[in-house]
Each structure stands twice: as C-alpha cells, then as structure tokens.
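First comes the structure, then the notes that go with it.
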C-alpha cells in the first residue's frame with residue numbers, strides 16, 4: 001500500500017525540509033525582533049500607506065500589527081522559495097523520469113498510471129505541509145513567550161488568522177504544483193516543462209506585483225492583470241489583514257483556487273493514464 005508514496009518521501013524529504021527549516025529559522029528571527037521594531041512600525045504604515053511600490057510587493061497588510069509584520073516578512077520570501085521547489089519537484093515527477101529513460105520501467109509496475117502520479121503528488125503535499133505547520137507553531141510559541149516576558153510589546157496574537165493565511169498561501173503553492181505536473185505530463189521533457197511551468201508560475205507572480213504597481217495609474221488594467229494571476233488569490237498578507245480587521249475569510253477565492261487545482265490535477269491524471277508512449 002502506498003509504496004510509491006513512501007519511496008517518494010524517502011527520496012525527497014531532505015530537499016524539502018532544508019529550505020522549510022530555513023524559513024522556520026527566519027520566522028523565529030522575525031518573531032523575536034518584534035519588540036525592537038514595534039515602536040516604529042506604526043509610523044512605517046503611515047509613511048508607506050499610499051506607496052504603490054510598497055503595496056505591490058507586500059500586499060494589503062498592516063505592518064503595525066504583530067501578525068501583519070510576520071506575514072509580510074514571511075510570505076515575500078516564501079514565494080521565491082516555493083517557486084523554486086514547485087518547478088523543481090513538479091518537473092521531477094514525470095519529465096525527469098522520461099528524460100532518464102526510467103519511465104518505461106516504472107510504467108511496467110502493476111500500478112495504475114493515475115495512482116502512480118497521485119501518490120507522487122501526495123508525497124509532495126505531505127512534505128510541503130511542514131511549511132504552514134512549523135511556521136505557525138514557532139510563531140505561536142514565540143508570541144506566547146513575548147506576551148509572557150514583554151507584555152508592553154505584545155498583548156495578543158491572532159494565531160487562528162495567521163494559520164488560515166498560511167494555509168491559503170500553501171494551497172496556492174500546491175495548485176501551482178498541480179499545474180507544473182500537468183505541464184510535465186503534456187511535454188514529457190524537462191526543458192519544455194521548466195519553460196512552460198516557469199512562464200505560468202513566474203508570469204503569475206509578475207502580473208500580481210506589476211498590477212499592484214500600476215493600480216494608482218489604472219484600476220481597470222490592474223484588476224485585469226491581477227485577476228488572471230493565481231498569486232492574487234488567498235494572498236497571505238491580504239488575508240491576514242482582513243481577518244485582523246474582523247472581515248470574513250474570502251471563501252469565493254478559496255473555491256476558485258480549489259477548482260483550478262482540481263481541474264489541473266484531474267487533467268494531468270487523465271492524460272497520463274491514456275497517453276501512448278511509443279518508446280516503451
């Protein structure tokens with residue numbers, strides 16, 4: 001049972017854990033420098049409130065809050081880290097196997113193709129889940145320590161809002177992973193997969209940031225650019241800021257992201273199951 005899933009975990013766990021642990025170390029640093037930065041961050045919000053460059057890079061957030069400060073510092077960096085991980089492991093799932101000539105051996109196993117692909121994806125999902133879980137855990141513990149030792153710097157921490165923001169960000173990363181796997185199944189070539197998936201993932205990030213940058217010039221163009229960018233939905237900093245203000249969680253964005261993810265996954269599974277491999 002789940003033999004491929006277990007093998008994938010054994011083969012790739014270290015490559016996932018190292019960058020995620022670096023993000024965890026960064027989260028700890030951000031948490032414990034908060035007391036020193038807290039007095040000036042409220043002024044920082046005022047200074048950059050109408051700065052389009054600031055908004056385009058960091059999203060709609062509130063740097064004056066503990067949760068907002070963590071989300072800004074973490075999510076900008078995690079975007080770059082996960083874009084690399086998504087492209088690397090999404091490509092390795094199929095395209096790398098085809099390039100190395102081992103796919104024909106793998107497909108000779110008494111396992112349905114769709115199950116082979118799905119178990120590989122489940123391994124990626126399992127390993128990547130350490131990102132929201134560990135970041136939330138160390139941030140919650142760190143906040144509790146600050147509240148206990150330095151209540152003047154921090155009186156409360158909305159850990160539930162931070163967890164929801166983290167999970168939303170993680171979900172978007174996993175949808176991009178499904179899209180990359182779909183590209184891998186379509187092209188069966190590492191170079192073509194990296195090129196096409198990189199264009200989708202990197203282009204989506206650029207559209208989101210550039211759209212925010214030109215929002216003060218043209219709201220309509222900005223809406224179009226950001227509307228077609230997957231990074232625009234369930235944005236961690238924006239979700240965090242909304243929840244801190246007492247606004248509702250963007251369920252419409254959640255549904256849209258899930259639909260895109262399941263569509264990409266089902267299409268990848270279906271194509272891989274029915275595709276003819278002439279070299280076998």
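Residue numbers (this note's numbering): 1 to 280. Positions of the beta carbon are idealized from the N, C-alpha and C atoms, including for glycine.
Residue j beta carbon less than 8 Å from that of residue i
i           : j           : result
residue 134 : residue 24  : yes
residue 236 : residue 71  : yes
residue 77  : residue 26  : yes
residue 197 : residue 180 : yes
residue 177 : residue 124 : yes
residue 264 : residue 138 : no
Per-residue burial, residue i [other beta carbons within 10 Å of its own, 16 or more giving buried]
i           : result
residue 255 : exposed
residue 18  : exposed
residue 6   : exposed
residue 251 : exposed
residue 173 : buried
residue 1   : exposed
residue 94  : buried
residue 79  : buried
residue 68  : buried
residue 227 : exposed
residue 280 : Because the pLDDT at residue 280 is just 41, under 50, the model does not fix this residue reliably, and the value given afterwards should be weighed accordingly. So residue 280 ends up on the exposed side.
residue 218 : exposed
residue 132 : buried
residue 20  : buried
residue 274 : exposed
residue 8   : buried
residue 266 : exposed
residue 91  : buried
residue 203 : exposed
Unbroken alpha helix (DSSP H) run spanning residue i, endpoints
i           : result
residue 88  : 66-92
residue 132 : 130-149
residue 267 : 251-274
residue 111 : Taken as a continuous stretch (DSSP letters only), residue 111 belongs to no alpha helix (DSSP H), as it is neither H nor E.
residue 188 : Unbroken run through residue 188: none, as it is neither H nor E.
Report task. Enumerate, from N- to C-terminal direction, the unbroken alpha helix (DSSP H) stretches of 4 or more residues contained entirely within the stretch 212-245. Result -> The DSSP assignment places complete alpha helix (DSSP H) segments of no fewer than 4 residues inside the stretch 212-245 at 219-227, 236-244, in order along the chain.
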